[in-house]
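The structure appears below as structure tokens.
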Amino acid sequence: MTRIGEVFGMLDRPAFIAYLVAGYPDQHGFLTAAQAVIEAGADILELGMPFSDPVADGPTIQRAHTRALEQGMTVDGFFNSIREVRRFSEIPILLMVYCNTVYRRGVEQFYLEAKGAGADGVLIVDMPPEEGGRAVRAARESGLDQVFLVAPSTSDERLEQILKSGGGFVYLASLLGVTGAREKLSDQASRLIGRVRPRTRLPLAVGFGISRPEHAAALRTARADGVIVGSALVRIVEEYAGDPERMTHELQGFVAGMRKELEG
Amino acid sequence: MKRGRFGDFGGQFAPESLMGALSELEDAFRRYGNDPGFLSTLDSYLAEFAGRPTPLTHCRNLSEDLGCRVFLKREDLLHGGAHKLNNTLGQALLARFMGKKRLIAETGAGQHGVATAIAGAVLGIPVEVYMGEVDIGRQHPNVFRMELMGAKVIPVSSGTRTLKDAVNEALRDWAASVGETHYLLGSVVGPHPFPLMVRTFQSVIGKETRAQILEREGRLPDAILACVGGGSNAIGIFHPFLQDRVRLIGVEAGGEGIETGRHGASLCAGSPGILHGALSFLLQDQDGQVLPTHSIAAGLDYPGVGPEHSMLHETGRVEYTSVTDQEALEAFALLSRREGIIPALESAHAIAQLLKMAGEFERDDIIVVNLSGRGDKDLAEVARLRRGPE
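Chains as they are written, first to last, in the numbering used here: chain A, 76 to 339; chain B, 1061 to 1450.
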């Protein structure tokens, strides 16, 4: 079992999974942000590799990807970010990447380097299990969890295939569309948990659109095993990029508020 | 061959939220693609509304100049001024059969957006078109055309603010609206089943060409040339000839020259990568980040290419080459002056390649060039270039 599975096994409340973009607002600012969310109680860190064409992401995360690339972020720099986090934390790290990053590096090579740098799992946003045979094998051989997404539109037939291919946890997209903070939690989230729960022993974590403490509370009630927050955190990083102390303070306040709701 | 693949290329590298819509589309295409009711409706729109068949024109002056027999397949005479309508009528009609209530599309030069607006208007389906801010600036008449026909043009301000980013934005819209919306993709790119479906709708170009040349000359052509951006006009004319002994030549955007890095020649200068749902040749850096492109022809200004072209490139069945902006401009002027036909700058790339290789042909050789669009949309840009820098 990887650190991802261990964390879910240890907790008697939903895990808080924090997404940050590696190299955003720059390499130093990223480490400040990572340290802040980890110290405030994030249970798993999801680390995005910036891509020139992030089609599954909304405007907030797109801007962060573009900016990080302008700051010179590379795949070498991405692996280096993992190593930097490992200097101060043993938090499970899930890499969230677009397929071309992995393909271009060489699938097996990417997983070897990810493992070597200290990652625990990989989610390839634009790679359904139909295209994922080689990645799933590479993940298994290097001892990493291959995490897959399930959407409200995923058919029962494909759900079976996703659950068979995936490890670590199942990433449930609470709504159809792209990432991004929303005012209201989609009511599709609890329905999706109800649909997937009887078919797998993997933990179920819900993401897309989650940005407020009341969303976290509702997902705890719906018996989610984890909540994933991305755009809301990235927006804080964006807003306070020029003021690291304030960024740390705001991120910690946000994470603490979410954690409190998850503890019930 | 694996489902949705052309050799190793193609596939369905799409976010999970789109997978349901892609399989629904694949099922519908399989069901209606051979349905007599669908096909006869499409045929009647193509004939009575779009103006098919388009002529195959023997260019007497150009033939004299070049020392071979030159024919043009006149997609410039299709309604809307380009081959794009073959595909948009097919997909819009399919969307209607599927009960979809809204069409979205991406556009670069605006030709696909205009063709989608036409199809949406005539079939009574609302249309929204994503278009990069840079392209809106340089193709303003097409924005007005789309709006006249009732389409809404949505400016895209992300990334390079051109065609690639318009595709990104359309994919994001589709992910959130799959239930009632059909994404009417404009070329033989994207995840399966788009490359196969768009090829099917564009193959009417090659089928007609084949019948017309056999009727007129009693034999197949010696060579066929077409420009390649995403590659839909090229696949459309090439596909019915793949099994024949006919030289097929695809012409990419050489821009300011391959060596300058400012071009759109994915096959000539790129490497395999994954963009917009398919594995295909791609202009990318060592980390797989997609590179900015350049072409004087907005319709060729795209870093990727259809996966079937990647396969045909690897097998060597089709020869791919490139011509520069300057060569395309010279061909644009020459065809206008010698034949009284003003080509689109995209199509002028294919003419330019013909001029470059004319010496290889014999007097009796039959060469067909796919004249994929007319040049009205480019007049302001060409006039500006002739005036020189301001």
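In this text, a Cβ means the ideal position worked out from N, Cα and C, and glycines have one as well. As the structure is a computational prediction, the values presented were derived from the model and not from experiment.
Residues bridged to residue i (per DSSP)
i, result
"residue 1143 of chain B", "BP columns for residue 1143 of chain B are empty, so no partner."
"residue 233 of chain A", "Residue 233 of chain A pairs with nothing; no bridge assigned."
"residue 1341 of chain B", "B:1332"
"residue 198 of chain A", "A:171"
"residue 1131 of chain B", "B:1118 and B:1428"
"residue 1403 of chain B", "B:1434"
"residue 1069 of chain B", "B:1066"
"residue 1215 of chain B", "B:1191"
"residue 1312 of chain B", "B:1382"
"residue 122 of chain A", "A:95 and A:170"
"residue 80 of chain A", "Residue 80 of chain A is not bridged to any residue."
"residue 1307 of chain B", "B:1283"
"residue 1451 of chain B", "For chain B, the structure presents residues 1061 to 1450; residue 1451 of chain B sits outside this window and is missing."
"residue 246 of chain A", "A:224 and A:280"
"residue 303 of chain A", "A:92"
"residue 1350 of chain B", "B:1344"
"residue 1167 of chain B", "B:1191"
Given residue i as reference, the closest of the options once Cα atoms are compared
i, options, result
"residue 1182 of chain B", "B:1195, B:1202, B:1150 and B:1199", "B:1150"
"residue 1208 of chain B", "B:1445, B:1122 and B:1177", "B:1177"
"residue 1307 of chain B", "B:1290, B:1286, B:1238 and B:1322", "B:1286"
"residue 1451 of chain B", "A:300, A:258, A:253 and A:270", "Because chain B in this structure spans residues 1061 to 1450, residue 1451 of chain B falls outside the shown range and cannot be described."
"residue 1069 of chain B", "B:1211, B:1341 and B:1288", "B:1341"
"residue 1431 of chain B", "B:1082, B:1223, B:1115 and B:1302", "B:1115"
"residue 1369 of chain B", "B:1164, B:1361, B:1380 and B:1203", "B:1380"
"residue 246 of chain A", "A:154, A:290, A:146 and A:299", "A:299"
"residue 311 of chain A", "A:135, A:106, A:336 and A:86", "A:135"
"residue 1331 of chain B", "B:1322, B:1351 and B:1317", "B:1351"
"residue 150 of chain A", "A:173, A:319 and A:78", "A:173"
"residue 1137 of chain B", "B:1402, B:1173 and B:1414", "B:1402"
"residue 206 of chain A", "B:1092, B:1073, B:1325 and B:1410", "B:1073"
"residue 1309 of chain B", "B:1295, B:1321 and B:1316", "B:1295"
"residue 1123 of chain B", "B:1436, B:1445, B:1314 and B:1398", "B:1398"
"residue 94 of chain A", "A:183, A:105 and A:215", "A:105"
"residue 208 of chain A", "B:1071, B:1346 and B:1175", "B:1071"
"residue 1257 of chain B", "B:1434, B:1436, B:1088 and B:1235", "B:1088"
"residue 1236 of chain B", "B:1155, B:1433, B:1078 and B:1175", "B:1078"
"residue 200 of chain A", "A:319, A:80, A:78 and A:123", "A:123"
"residue 1348 of chain B", "B:1355, B:1363 and B:1354", "B:1363"
"residue 367 of chain A", "A:130, A:83, A:126 and A:139", "Chain A is shown from 76 up to 339; residue 367 of chain A falls before or after that span and cannot be answered."
"residue 1201 of chain B", "B:1119, B:1221, B:1179 and B:1173", "B:1173"
"residue 1094 of chain B", "B:1261, B:1318 and B:1289", "B:1261"
"residue 1274 of chain B", "B:1301, B:1447, B:1082 and B:1418", "B:1301"
"residue 176 of chain A", "A:148, A:165, A:167 and A:168", "A:148"
"residue 1206 of chain B", "B:1140, B:1159 and B:1255", "B:1140"
Supposed contact pair residue j and residue i - C-beta distance, whole angstroms, cut 8 Å
i, j, result
"residue 1064 of chain B", "residue 1253 of chain B", "7 Å"
"residue 244 of chain A", "residue 219 of chain A", "Between residue 219 of chain A and residue 244 of chain A the Cβ distance is about 13 Å, and since that is not below 8 Å, they are no contact."
"residue 323 of chain A", "residue 111 of chain A", "4 Å"
"residue 91 of chain A", "residue 334 of chain A", "6 Å"
"residue 1406 of chain B", "residue 1433 of chain B", "6 Å"
* Asked: Touching or not, the region 256–264 of chain A and the region 283–294 of chain A, by the rule of three or more beta carbon pairs under 8 Å?
  -> yes
* To do: Would you be able to state if there are at least three C-beta pairs under 8 Å between the region 1100–1115 of chain B and the region 1374–1393 of chain B?
  => no
* Asked: Mind listing which residues of the region 1215–1228 of chain B have their C-beta closer than 9 Å to chain A's C-betas, in chain order?
  -> 1218, 1219, 1220, 1224, 1225, 1227 and 1228
* Do the region 1202–1222 of chain B and the region 1265–1275 of chain B touch if we need at least three Cβ pairs shorter than 8 Å? -> no
* Cβ-based contacts, 9 Å cut-off: residues of the region 133–147 of chain A near chain B -> When C-beta distances to chain B are compared with 9 Å, the residues of the region 133–147 of chain A below that value are 133, 134, 137, 138, 141 and 144, in chain order.
* **chain A contacts from the region 1316–1339 of chain B (Cβ-Cβ distance under 9 Å)** => 1331, 1332, 1333, 1334, 1335, 1336, 1337 and 1339
* Asked: Does the region 159–170 of chain A come close enough to the region 182–193 of chain A to have 3 or more Cβ pairs within less than 8 Å?
  -> yes
* How about the region 1439–1450 of chain B and the region 1324–1341 of chain B: do they share at least three Cβ pairs that are nearer than 8 Å? -> no
* Can at least three beta-carbon pairs, one atom from the region 1352–1367 of chain B and one from the region 1152–1168 of chain B, be found at a separation below 8 Å? -> yes
* Any contact of the region 230–244 of chain A with the region 275–290 of chain A, i.e. 3+ C-beta pairs under 8 Å? -> The region 275–290 of chain A and the region 230–244 of chain A touch, with three or more beta-carbon pairs separated by less than 8 Å.
* Asked: Residues in the region 168–184 of chain A with C-beta within 9 Å of chain B's C-beta atoms, listed in sequence order?
  -> 173, 174, 175, 176, 177, 178, 179 and 180
* Tell me, please, whether the region 1278–1297 of chain B touches the region 1415–1428 of chain B by the rule of three or more beta-carbon pairs shorter than 8 Å. => Yes, the region 1278–1297 of chain B is in contact with the region 1415–1428 of chain B.
* Give the residues from the region 243–263 of chain A that approach chain B closer than 7 Å (Cβ to any Cβ), ordered along the chain. => 248, 251, 252 and 253
* **Meets three-Cβ-pair contact criterion under 8 Å: the region 1182–1193 of chain B and the region 1128–1135 of chain B** => no
* Asked: Any chance the region 1228–1236 of chain B sits against the region 1140–1160 of chain B, with 3 or more Cβ pairs inside 8 Å?
  -> no
* **Interface positions of the region 1066–1099 of chain B facing chain A (Cβ-Cβ less than 9 Å), listed along the chain** => 1071, 1072, 1073, 1074, 1075, 1076, 1077, 1078, 1079, 1080, 1081 and 1083
* Could you name the residues of the region 1345–1358 of chain B whose beta carbon sits closer than 7 Å to any beta carbon of chain A, in the order they occur along the chain? => 1347, 1348, 1349 and 1350
* **Interfacial residues, the region 201–223 of chain A to chain B, with Cβ spacing under 9 Å** => 201, 202, 203, 205, 206 and 223
* Decide if the region 1407–1414 of chain B is in contact with the region 1379–1395 of chain B; the criterion is three or more beta carbon pairs, one per stretch, under 8 Å apart. => yes
* Going along the region 1280–1307 of chain B in order, which residues come within less than 7 Å of chain A, judged by CB to CB distance? -> none
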